[in-house]
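Protein chains: 2
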Amino acid sequence: MFIQSEPQRKMPRQARARATVDALVEATAQVLVTRGFAGLTTTRVAERAGVSVGTLYQYFSDKAELVRALHAVRLEAAFGGLAAQAADPEPRTMRERVEHMLRALLEVKSERPELSMALHATMMELDGPSYLRQVMAQTQGLVRQVLAGYPEELEGVDLDLAAMVVTNAVDGAIGAAIATGRLEDPRLVAALAHLVLGYLEGAAAIPAASAS
Amino acid sequence: MFIQSEPQRKMPRQARARATVDALVEATAQVLVTRGFAGLTTTRVAERAGVSVGTLYQYFSDKAELVRALHAVRLEAAFGGLAAQAADPEPRTMRERVEHMLRALLEVKSERPELSMALHATMMELDGPSYLRQVMAQTQGLVRQVLAGYPEELEGVDLDLAAMVVTNAVDGAIGAAIATGRLEDPRLVAALAHLVLGYLEGAAAIPAASAS
DNA sequence: TCATAAACTGAAGTATCCTTCAGCTTTGAG
DNA sequence: CTCAAAGCTGAAGGATACTTCAGTTTATGA
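Chains as they are written, first to last, in the working numbering: chain F, 14 to 225; chain P, 14 to 225.
This is the structure in structure tokens:
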């Protein structure tokens, strides 16, 4: 599962090299979790991956590139799970679809919660706003698309605003759940679904109306 | 507005020194926004504050201490605004109270959005989970207290869960708004209020019920 | 006014870290 | 089997950052 987004560096051609790249990305994940971004040194990553520093620099031009590769892998995983549920041809009520997507998302995040947290913080520090915009564009786009599949229920709702609010609200709540170790709380899915559906229901009234 | 949480270092006694400490904290904010945490060097901060490095080390034992001091100032500002609205003796409907608090929160964040973002990312990298827990404990505590003031509307609702979900959902949505520069969108308050109230309404049904 | 404490300076020591590259090892096609 | 390409090694160069502290300047109060 290597990503082809390191333009200036060599691409692995042999199987051994592909394994090396994978090991480096995984090592990055481990070091990031255990020592944080400050402790993410090229030597340490190489060591953990069982190769020498020079090898690292054959495939990654930078510490940042290493982190970005890791992020690409994880994003694909998280997004893939979501997209699968979003595209599930089985017709579903809006509630069902929301719950399924939430479950898929929670499943991915639950696999390595500390990594999710550490990686997010690092990408934030690394690419700041552009990182956020990229992730948000993808995720919100998907959510928006799903919402568009329920035109009757959401008549008059600003789908862009709804996608933004709902997506990031869920993300914030999940982040908090991770930080406090409540990711396994069985009520979580129900609570998040209630949050999303509670917003969507009656969201048509939002646009101009604003009580003082 | 200096904080007394640098145990090992000297406390400023004269007015000049207090001004120096303030200047250092403000310089930290500026450097953090313009160069990120990676670019936050002690020399650069001192330079920007108009003092020498040695002076910095008289009051702050560490780069981290500098950031923590800045965070303390900002947290107090944000929390103060919220608490003021929360404790406002004027009786209000739940909707009004929520809207007022959201407005107060958005006001603080709007002052220096990039700083809010950068500081959050940095604290995340610096103190990770313990930072989140601290902030969440404070904020959720406040929110929980506010919610407890509306026992009829929220009968049967798990206030702890509600405070956590609502608080962090709002935080996530605001974070996204900051990143995309939509903080001034006039519909934002209404949308967030709708999010919060939509969750609270009927949240009593959450505990055990969980549709498959 | 003067002495003492507080505050400030900034060059220098120490510690890492990033990154390269010349040479060695492994792979795989012919 | 042979050899050119791919892959790997790790010591060393170069750069920067953190932190200290001996010495200087400024404030205070007796």
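For glycine and all other residues, C-beta sits at the position ideal for the given N, C-alpha and C.
Quick check on residue i: does DSSP put it in helix, strand or coil?
{"i": "Phe73 (chain P)", "result": "coil"}
{"i": "Ala51 (chain P)", "result": "coil"}
{"i": "Leu167 (chain P)", "result": "coil"}
{"i": "Ala99 (chain F)", "result": "helix"}
{"i": "Met24 (chain F)", "result": "coil"}
{"i": "Val64 (chain P)", "result": "coil"}
{"i": "Leu196 (chain P)", "result": "coil"}
{"i": "Glu127 (chain P)", "result": "helix"}
{"i": "Arg105 (chain P)", "result": "coil"}
{"i": "Ile191 (chain P)", "result": "helix"}
{"i": "Gly141 (chain P)", "result": "helix"}
{"i": "Gly162 (chain P)", "result": "coil"}
{"i": "Glu120 (chain P)", "result": "helix"}
{"i": "Glu112 (chain P)", "result": "helix"}
{"i": "Glu214 (chain F)", "result": "coil"}
{"i": "Arg31 (chain F)", "result": "helix"}
Report all residues from its chain with a CB closer than 8 Å to the CB of residue i; omit the five preceding and five following residues, and keep chain order.
{"i": "Thr33 (chain F)", "result": "Pro25, Ala62, Val64, Thr68 and Tyr72"}
{"i": "Glu197 (chain P)", "result": "Ser123"}
{"i": "Leu229 (chain P)", "result": "For residue 229 (chain P) there is no data in the structure shown, the boundaries of chain P being 14 and 225."}
{"i": "Asn149 (chain P)", "result": "Note that residue 149 (chain P) is Met in the sequence shown here, rather than Asn. Contacts found: Met177, Thr180 and Asn181."}
{"i": "Gln27 (chain P)", "result": "none"}
Near residue i, what residues of its chain come up, given a Cβ to Cβ distance below 7 Å and the 5 sequence neighbours on each side ignored?
{"i": "Ser275 (chain F)", "result": "Only positions 14 to 225 of chain F appear in the structure, and residue 275 (chain F) is not among them; the question remains open."}
{"i": "Ala59 (chain F)", "result": "Ser65, Val66, Thr68 and Leu69"}
{"i": "Val46 (chain F)", "result": "Glu127, Leu128 and Ala131"}
{"i": "Thr135 (chain F)", "result": "Leu45, Phe50 and Val80"}
{"i": "Ala222 (chain P)", "result": "Residue placement at Ala222 (chain P) is flagged as unreliable, the pLDDT there being 45, under the threshold of 50; the coordinate-derived value follows with that caveat. No residues qualify anywhere along the chain."}
{"i": "Glu112 (chain P)", "result": "Val202 and Ala206"}
{"i": "Ala161 (chain F)", "result": "Leu172"}
{"i": "Glu168 (chain F)", "result": "Ala217"}
{"i": "Thr55 (chain P)", "result": "Val66, Leu69 and Lys76"}
{"i": "Met234 (chain F)", "result": "Chain F is shown from 14 up to 225; residue 234 (chain F) falls before or after that span and cannot be answered."}
{"i": "Ala96 (chain P)", "result": "Leu155"}
Below 6 Å CB to CB, which residues in the same chain sit around residue i once its five sequence neighbours on both sides are set aside?
{"i": "Arg22 (chain P)", "result": "Tyr72 and Ser74"}
{"i": "Met107 (chain F)", "result": "Tyr163 and Glu166"}
{"i": "Arg157 (chain P)", "result": "Leu172 and Ala176"}
{"i": "Ala77 (chain F)", "result": "Leu139"}
{"i": "Ala99 (chain F)", "result": "Leu155 and Val159"}
{"i": "Val170 (chain P)", "result": "Ala216 and Ala217"}
{"i": "Thr152 (chain F)", "result": "Thr180"}
{"i": "Asp101 (chain F)", "result": "none"}
{"i": "Ile219 (chain P)", "result": "none"}
{"i": "Pro104 (chain F)", "result": "none"}
{"i": "Arg48 (chain P)", "result": "none"}
{"i": "Gly94 (chain P)", "result": "Ala117 and Val121"}
Taking a Cβ distance cut-off of 9 Å, strictly less, list which residues of the stretch 149-178 of chain F are near chain P, in chain order. Met149, Gln153, Asp171, Leu174, Ala175, Met177 and Val178
The stretch 140-150 of chain F in contact with the stretch 201-217 of chain F per 3-pair CB rule at 8 Å: no
Would you say the stretch 185-203 of chain F touches the stretch 179-195 of chain P, given that touching needs at least three Cβ pairs under 8 Å? yes
Would you list, in chain order, the members of the stretch 101-112 of chain F that have their beta-carbon closer than 8 Å to a beta-carbon of chain P? Arg108, Glu109 and Glu112
Give a yes or no on contact between the stretch 106-119 of chain P and the stretch 196-208 of chain P, applying the rule of three or more CB pairs nearer than 8 Å. yes
Taking 8 Å as the cut-off, does the stretch 81-93 of chain P touch the stretch 104-116 of chain P (at least 3 CB pairs, one atom from each stretch)? no
Short of 9 Å Cβ to Cβ, which residues in the stretch 47-73 of chain P face chain F? Gly49, Phe50 and Ala51
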